[in-house]
Amino acid sequence: MSDSDGKKPLGLRGSRPGQVKQSFSHGRTKNVVVETKRKRVVVPKPGAAGAAGKATARPVPGGDPAKRPAGIPDAVMERRLKALRAAKAQEAEDLRRRQEEEEKRERDRQRRREEAAAKEREEIERQEKARRKAEEAESKRRAEEERARKGAAPASAPASPAPAPAPRGGGKPSAAPRRQEREQRRDNKGKGAARGGGGRRSGKLTLNQALSGGEGGRQRSLAAMKRKQERARQKALGGGEAREKVVREVQVPETIVVQELANRMAERVADVVKALMQNGMMVTQNQSIDADTAELIIEEFGHKIVRVSDADVEDVIHTEEDKPEDLKPRPPVITVMGHVDHGKTSLLDAIRKTNVTSGEAGGITQHIGAYQVTTEDGTVLTFLDTPGHAAFTSMRARGAQVTDIVVLVVAADDAVMPQTIEAINHAKAADVPMIVAINKIDRPGADPDKVRTDLLQHEVIVEKMSGDVLDVEVSAINGTGLDQLLEAIVLQAELLDLKANPDRAAQGAVIEAQLDVGRGPVATVLVQNGTLHLGDIFVVGEQWGRARALVNDKGERVKEAGPSVPVEVLGLHGTPEAGDVLNVVDTEAQAREIADYRHQAAKDKRAAAGAATTLEQLMAKAREDKNVAELPIVVKADVQGSAEAIAQAMEKIGNDEVRVRVLHSGVGAITESDIGLAEASGAPVIGFNVRANATARKVANQKGVEIRYYSVIYDLVDDVKAAASGLLSAEVRENFIGYAEIKDVFKVSNVGKVAGCLVTEGVARRSAGVRLLRDDVVIHEGTLKTLKRFKDEVAEVQSGQECGMAFENYDDIRKGDIIEIFEREEVERKLE
Ligand code: GDP
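Position 421 of the sequence shown, counted from 1, bears residue number 421 in the working numbering, the numbering being contiguous throughout.
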């Protein structure tokens with residue numbers, strides 16, 4: 001409009017300009033001049049003869065008398081000219097009609113095309129169109145106004161058909177321009193912005209134009225295309241999934257990790273988690289769910305659940321009973337137990353040595369955790385070379401009852417000690433016969449009969465006391481009575497009538513296992529039934545392997561190992577644990593499957609147990625009887641026997657107000673994981689003859705976990721009992737003030753052994769109490785005789801400094817030992 005106000009717009013001659021308002025996205029609009037070219041038509045109008053006559057006369061050459069051919073009279077000429085004019089007028093009229101028809105057809109075609117295009121885009125932009133329509137109506141109105149104004153201004157558009165004078169003429173031909181204008185209007189209305197792209201109609205309708213036109217339209221259309229493509233892709237994917245949906249049989253053990261469940265169903269983990277959440281289970285993909293919950297989810301996904309138990313997966317392990325005729329005698333397996341320092345190791349060494357010297361002169365056998373000896377009468381005996389209760393109990397805990405006979409060592413110059421009692425209890429619990437070896441009878445103070453009477457108190461009645469427990473007096477040092485001991489063992493073994501079937505797939509128990517730098521995981525296995533052959537595929541605990549090499553107790557490579565034969569097995573894929581049971585299976589796949597299954601099961605069990613202990617059980621108990629306070633404890637001891645004894649003693653303690661619950665009991669130094677467990681449950685950690693390692697100490701300090709050390713079970717029991725009974729009187733409490741490491745040991749006349757130490761933590765104080773630790777186990781407790789720094793006696797030595805220390809009345813000190821320095825103070829009892 002503005003462009004047509006001031007100056008004449010550029011335009012085609014003989015065209016009709018029209019204003020079209022285009023609208024784009026974000027409310028932008030643009031006015032576009034639309035011109036439609038029209039053929040200039042000469043209309044000879046009878047009613048407008050003057051004008052027409054003037055116009056038509058000129059082009060007719062015949063009309064000029066100057067150019068008239070000679071000899072033709074005026075009348076004839078007039079007739080001819082008339083006829084010619086009529087013919088020309090007729091011709092012009094025909095041409096105009098044809099053109100009109102042509103234009104009409106073209107408009108019709110255009111309308112049809114537009115209608116088709118409009119239909120297409122109708123779905124996509126119905127709203128848009130409505131808005132545009134309104135806008136276009138507006139622009140039409142304005143165009144109308146414009147035209148009206150132009151029409152009013154004379155000679156403003158000479159090429160224009162000048163609709164205004166036409167009605168005045170009222171003649172027939174004037175209908176054509178009006179119709180044309182109507183058509184034009186309709187055109188503009190229908191085409192709208194599609195035609196307003198600036199270019200002339202090309203007859204081609206692009207997608208962009210169809211969708212809405214303009215740059216805004218292009219952007220929208222691209223995004224729409226992308227969305228459409230994405231939808232199509234997802235539809236295709238979804239459709240594919242639906243088509244390929246396979247109903248799976250999903251194996252589910254008692255508990256299963258969500259991720260594993262998703263894997264087994266071949267479903268997306270996120271979907272499984274979502275499904276669980278919809279069922280009110282807020283779990284992550286790494287958490288375990290029980291089989292019932294899993295079943296719910298599996299059904300929801302349209303799969304089938306197959307519940308499996310250990311037995312199903314481990315079915316391949318042959319467990320059938322041996323027929324009596326297949327059974328052959330096997331050597332007995334003997335474990336030596338007894339109190340510390342009563343001579344277990346010495347006795348085992350002595351027995352081994354007698355055999356070795358009689359066999360391969362001077363040959364030192366390799367230590368593989370067990371060895372075999374042959375008695376004079378040719379009977380083979382298998383000794384487990386791991387004295388103490390740890391091996392015995394850990395094996396029993398894992399279901400591998402390896403030991404046939406327990407040799408209980410009691411020093412004749414000592415008496416029945418706590419660990420002697422523990423050993424007796426273990427043997428009794430395992431229902432294993434005992435033979436009492438009264439050791440150190442060479443000692444001057446030896447009193448074997450005292451040992452015998454002591455044992456009576458613990459319901460061990462030896463033969464000499466008219467009981468049925470064999471007893472032999474021995475000396476591990478000078479070899480006295482060793483033969484009698486072996487004889488007694490043979491006798492006992494005969495009574496037991498031990499048999500096994502060597503002609504079946506081997507089954508055994510791991511006595512020891514370690515990761516060897518050169519050889520990989522190595523396990524010493526005691527074959528219990530069947531025969532283990534080189535190349536056998538086996539599963540052992542959570543591990544599996546193929547027997548790549550078998551090494552016997554003499555370090556020789558062997559091809560097979562029968563019942564009661566200890567053998568080192570190479571070719572494992574991981575290190576099993578002592579007490580793990582080994583089973584030979586047929587295929588590697590079976591072995592792997594069982595191992596994986598056990599691994600997962602153990603993991604699940606640990607996870608489940610952890611959760612139950614910390615939350616459910618505690619809460620349930622607390623709810624059960626609100627008045628009962630529970631004291632959870634974590635126990636670590638130097639030997640398994642002590643740990644178990646403590647655990648048992650603790651569980652027994654309890655009154656109406658306090659109960660003690662052992663969360664965990666184990667052997668060895670207190671570690672970070674013990675602290676973690678204690679912290680989680682608000683429990684103190686009890687160290688029995690063991691200490692926390694450096695990291696554990698640090699973590700315990702940080703997290704405020706109480707570590708209490710004891711070296712006498714009764715002290716511990718008394719303490720806990722007192723706490724349980726509410727007798728919270730003042731107690732003597734120890735504070736560790738420092739640690740020192742022995743770097744060297746010197747012998748100083750008049751003083752004895754002096755330890756050259758480096759104070760590694762805290763301070764060393766002359767007045768303080770000291771303990772000697774070897775591998776985090778307490779060896780000695782006492783006081784310092786001397787604390788020296790550069791020849792001078794000092795009261796205190798700070799961390800990072802070197803000093804000399806000597807113990808009062810004790811000098812079994814070694815390089816590498818740790819000295820623990822502590823002070824005692826009286827504090828309120830505080831165990832809860
Ligand atoms: P373990 O802790 O039960 O294994 O006991 P050991 O075998 O380490 O023995 C402890 C101490 O007792 C060592 O110093 C041995 O030399 C000593 N010992 C063991 N048996 C005898 C014995 O029959 N006679 C004597 N005199 N000393 C022995």
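Built from N, CA and C at the ideal position, the CB exists for glycine as well.
Going straight from the alpha carbon of residue i to that of residue j, what length do you get?
{"i": "residue 823", "j": "residue 662", "result": "28 Å"}
{"i": "residue 543", "j": "residue 576", "result": "6 Å"}
{"i": "residue 320", "j": "residue 253", "result": "24 Å"}
{"i": "residue 812", "j": "residue 506", "result": "46 Å"}
{"i": "residue 640", "j": "residue 589", "result": "36 Å"}
{"i": "residue 803", "j": "residue 749", "result": "18 Å"}
{"i": "residue 579", "j": "residue 294", "result": "33 Å"}
{"i": "residue 142", "j": "residue 119", "result": "27 Å"}
{"i": "residue 453", "j": "residue 463", "result": "12 Å"}
{"i": "residue 762", "j": "residue 660", "result": "33 Å"}
{"i": "residue 486", "j": "residue 466", "result": "21 Å"}
{"i": "residue 684", "j": "residue 711", "result": "16 Å"}
{"i": "residue 403", "j": "residue 601", "result": "27 Å"}
{"i": "residue 269", "j": "residue 262", "result": "5 Å"}
{"i": "residue 500", "j": "residue 352", "result": "25 Å"}
{"i": "residue 634", "j": "residue 441", "result": "40 Å"}
{"i": "residue 455", "j": "residue 334", "result": "20 Å"}
{"i": "residue 407", "j": "residue 497", "result": "18 Å"}
{"i": "residue 413", "j": "residue 371", "result": "29 Å"}
{"i": "residue 819", "j": "residue 637", "result": "19 Å"}
{"i": "residue 786", "j": "residue 514", "result": "42 Å"}
{"i": "residue 740", "j": "residue 283", "result": "48 Å"}
{"i": "residue 522", "j": "residue 572", "result": "7 Å"}
{"i": "residue 865", "j": "residue 666", "result": "The question about residue 865 has no answer, for the chain in this structure spans 1 to 832."}
{"i": "residue 135", "j": "residue 107", "result": "23 Å"}
{"i": "residue 267", "j": "residue 504", "result": "43 Å"}
Is residue j closer than 8 Å to residue i when the C-beta atoms are compared?
{"i": "residue 451", "j": "residue 461", "result": "no"}
{"i": "residue 672", "j": "residue 696", "result": "yes"}
{"i": "residue 646", "j": "residue 713", "result": "yes"}
{"i": "residue 534", "j": "residue 560", "result": "yes"}
{"i": "residue 670", "j": "residue 699", "result": "no"}
{"i": "residue 337", "j": "residue 423", "result": "yes"}
{"i": "residue 705", "j": "residue 675", "result": "yes"}
{"i": "residue 381", "j": "residue 433", "result": "no"}
{"i": "residue 411", "j": "residue 342", "result": "yes"}
{"i": "residue 801", "j": "residue 759", "result": "yes"}
{"i": "residue 529", "j": "residue 317", "result": "no"}
{"i": "residue 651", "j": "residue 368", "result": "no"}
{"i": "residue 272", "j": "residue 297", "result": "yes"}
{"i": "residue 405", "j": "residue 493", "result": "yes"}
I need the boundaries of the alpha helix (DSSP H) containing residue i, first residue and last residue.
{"i": "residue 586", "result": "Unbroken run through residue 586: none, as it is neither H nor E."}
{"i": "residue 267", "result": "Unbroken run through residue 267: none, as it is neither H nor E."}
{"i": "residue 456", "result": "448–456"}
{"i": "residue 641", "result": "640–652"}
{"i": "residue 697", "result": "694–703"}
{"i": "residue 425", "result": "418–430"}
{"i": "residue 247", "result": "Careful: residue 247 lies outside any alpha helix (DSSP H) and carries neither H nor E."}
Kindly give me the distance between the Cβ atoms of residue i and residue j, rounded to whole angstroms, as I take these residues to be in contact under 8 Å.
{"i": "residue 511", "j": "residue 524", "result": "5 Å"}
{"i": "residue 474", "j": "residue 347", "result": "7 Å"}
{"i": "residue 539", "j": "residue 585", "result": "6 Å"}
{"i": "residue 251", "j": "residue 306", "result": "5 Å"}
Per DSSP, residue i is paired with what?
{"i": "residue 288", "result": "257"}
{"i": "residue 533", "result": "560"}
{"i": "residue 516", "result": "520"}
{"i": "residue 337", "result": "408"}
{"i": "residue 744", "result": "756"}
{"i": "residue 771", "result": "781 and 820"}
{"i": "residue 633", "result": "662"}
{"i": "residue 434", "result": "406"}
Does the CB of residue i have a neighbour CB from chain D at under 8 Å?
{"i": "residue 421", "result": "No chain D appears in this structure, which consists of one protein chain only."}
Provide the residue span of the beta strand (DSSP E) that contains residue i, from first to last.
{"i": "residue 796", "result": "796–798"}
{"i": "residue 495", "result": "Run containing residue 495: none in the beta strand (DSSP E); it sits in the alpha helix (DSSP H), 482–496."}
Distance cut 6 Å, beta-carbon to the ligand HEM heavy atom: residue list by chain order: Although the ligand HEM was asked about, the structure shown includes only the ligand GDP as ligands.
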